[in-house]
Every structure is written in C-alpha cells, then in structure tokens.
Amino acid sequence: MDLLLAINWNVDPEIFGIGSLSIRWYGLTWALSFLLGQYVITKFYLIDGRTEKEVDNLAIYIILGSILGARIGHCLFYGYDAALGYNPYLRNPFDILKIWEGGLASHGGGFGVFLAMWLYVRKTQGISFLWLADRVSVITLLSGALIRFGNLMNSEIVGKATDLPWGFNFLQLNENPVITRHPAQLYESITCVIMFVILLWAYYKTDIKQFEGRMFSIFLIWVFALRFCYEFLKENQADFESSLTLNMGQILSIPMVLAGVFLLVNSFRKKA
Numbered sequence: 001m002d003l004l005l006a007i008n009w010n011v012d013p014e015i016f017g018i019g020s021l022s023i024r025w026y027g028l029t030w031a032l033s034f035l036l037g038q039y040v041i042t043k044f045y046l047i048d049g050r051t052e053k054e055v056d057n058l059a060i061y062i063i064l065g066s067i068l069g070a071r072i073g074h075c076l077f078y079g080y081d082a083a084l085g086y087n088p089y090l091r092n093p094f095d096i097l098k099i100w101e102g103g104l105a106s107h108g109g110g111f112g113v114f115l116a117m118w119l120y121v122r123k124t125q126g127i128s129f130l131w132l133a134d135r136v137s138v139i140t141l142l143s144g145a146l147i148r149f150g151n152l153m154n155s156e157i158v159g160k161a162t163d164l165p166w167g168f169n170f171l172q173l174n175e176n177p178v179i180t181r182h183p184a185q186l187y188e189s190i191t192c193v194i195m196f197v198i199l200l201w202a203y204y205k206t207d208i209k210q211f212e213g214r215m216f217s218i219f220l221i222w223v224f225a226l227r228f229c230y231e232f233l234k235e236n237q238a239d240f241e242s243s244l245t246l247n248m249g250q251i252l253s254i255p256m257v258l259a260g261v262f263l264l265v266n267s268f269r270k271k272a
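Start counting the sequence shown at 1; every next residue gets the next number (my numbering).
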C-alpha cells in the first residue's frame, strides 16, 4: 500500500516529563477510567438507594482487583518464553510485582475485577453479585475504551498488515520498511464506546436493570465475541502463540462468551 494513503501515527507515549517523573498517555487513560467510572457508578448507586460510601469501598476493591489481576494475568497467560521453554515468572515470582516493566492483560484484569466484586458483595448487605456486575459492566466498557485508546497512543497491541484506507503507519515502531497496519486498538475502543452508550441508555430508559444479569451477559457476549474476532486482525502478543490454532486472547474469550450466553438465557427465565 502507498504509505501516503495511510494514516501516519507518530504520537509520543510520554505527554511530558519533569525530571525523573514521566506522565504518559497510558497512565492518564487508566486514571481517567477510574475517575469517570466512579462518577457513573455513583449515579447508579444513588438511583438505587445506595450510598456514596459504598461506592468508595467498591472503588478500592475494583482498583486493586483490576491492576493486580491485569499484571498477574499477563505474567501467567503471556509470560511463557518459547526460547527458554518455561515461564520465567514462575521461577522468579517476585518479578510479577515489577509493574513498571510493563505488561498488563485485559483478561487478567477482568478476572481480577470479578474476584474483587465477589469479595465486595460478601461484605455488603442488600446486593447480589449479578446486581453489581450489571452496573460495573457499564463502567468497564468506558474503561476499556479509554485503555485501548491508551494502547493506541503507546503504539502497542498493533494490528496486522492491511491495505485498507484507514490503515495506520505506527512510526514509533521504527519498522523498516514501514508496515501499514489495522488500528486494532481503535476498533476495540470504538466498539466499547458503542455498547457503553447502549447500556447506559437501557439503564435509564428501559426496565433492563430489573432483570439481574442481563446487562452483564450482554457485556460479556459483546466484548469477548468481538475480542475473539479482533484477534484475527492483531499481531500475537507472545511468540509461543504462533504455534497455537487460536491465540491466548481467543482461548480466554471463549468461556466468557459462553458464560454470557448462559446468563442471558437465564435472565429471561426470571421474573422482574
């Protein structure tokens, strides 16, 4: 493809630096995802007669669960080194704590959030896991959109080569020759925004929240079915995935979609 017909993407991952302090786009999108997410879910809680203090407690669980889950997930799911023949993180588990070295996995973050919600519900009266999951699903879509945008700003998790007119030349990768690629991060970000708007509208304008698990099930099916499809357009994140029929992102997405289908069917069996 003629490089002049593609979009040249050469954004510096660092917004600005002061001495040893570096403010990066990825960190900013993570911070915004938590701040905006807390704002939205506070609105949900107040509508449902809950308190802001409960939201503050939930925020602690979600932040810890998402960050720890994303880091541990990366180390377990993508840490295998084909050249070494083993996963070095399993031999040096303290390296898992070195978040500053990079490496966060969205599936791991999701599992961490699920565990955090389960622990939170056990300590909070009057709500169920599915009640909470319905509402957290909405803010997770917002977070997913922001974090994938952060990946775009970092020129990471790039797509495979394409000759489509909206292909991106990720100049920060210093590829020679430059390869025009799918902006896979942008695909995921946009589809997260679409479902965020739909579920937010449904929460306020329909009776969907009366059926526990329905919003959560739609979230699971939408996000992970699309993730499965998008993986065909993305470069593998670890070398060992090249030997697999489906890559790790697809393997981890399948049970999530099946869980979503089960919960969706089950939600129609319940009375509001």
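Note that beta-carbon positions come from the ideal geometry of N, C-alpha and C, so glycine has one too.
| Check | Outcome |
| --- | --- |
| Test item: CB-CB of G159 and P177 under 8 angstroms | no |
| Cβ shell of G108 (< 8 angstroms), same chain only, five flanking positions each side left out | G69, A70, R71, I72, G73, H74, L76 and F77 |
| Proximal residues to Q250 (C-beta, below 7 angstroms), its chain only, five neighbours per side dropped | F228 and E231 |
| Own chain, CB closer than 6 angstroms to L199, minus 5 neighbours either side, in chain order | V138 and M215 |
| The segment 9 to 28 in contact with the segment 144 to 157 per 3-pair CB rule at 8 angstroms | yes |
| Beta-carbon gap between I62 and A116 smaller than 8 angstroms | yes |
| D134 beta carbon less than 8 angstroms from that of G260 | no |
| Separation of S20 from G110, as counted between CA atoms | 32 angstroms |
| Host alpha helix (DSSP H) of L21 (start-end) | Here L21 belongs to no alpha helix (DSSP H); instead the beta strand (DSSP E) covers L21 to R24. |
| Proximal residues to I208 (C-beta, below 7 angstroms), its chain only, five neighbours per side dropped | A202, R214 and M215 |
| Rounded Cβ spacing between G37 and S143 (contact assumed at less than 8 angstroms) | 6 angstroms |
| Cα-Cα separation, N169 to Y120 | 44 angstroms |
| G17 (DSSP reduced to helix, strand or coil) | strand |
| Short Cβ contact (8 angstroms threshold) for F224 with S267 | no |
| For R24 and R14, the rounded distance between their alpha carbons | Residue 14 is actually Glu in this sequence, not Arg. Between E14 and R24, the C-alpha separation is close to 4 angstroms. |
| Same chain only: Cβ atoms within 6 angstroms of L226, ignoring 5 sequence neighbours per side | T191 |
| Where the beta strand (DSSP E) containing I7 begins and where it ends | I7 to W9 |
| K234 - DSSP class collapsed to helix/strand/coil | strand |
| Given W131 as reference, the closest of V40, S242, F44 and E235 once Cα atoms are compared | F44 |
| Three-state secondary structure (DSSP) of N87 | coil |
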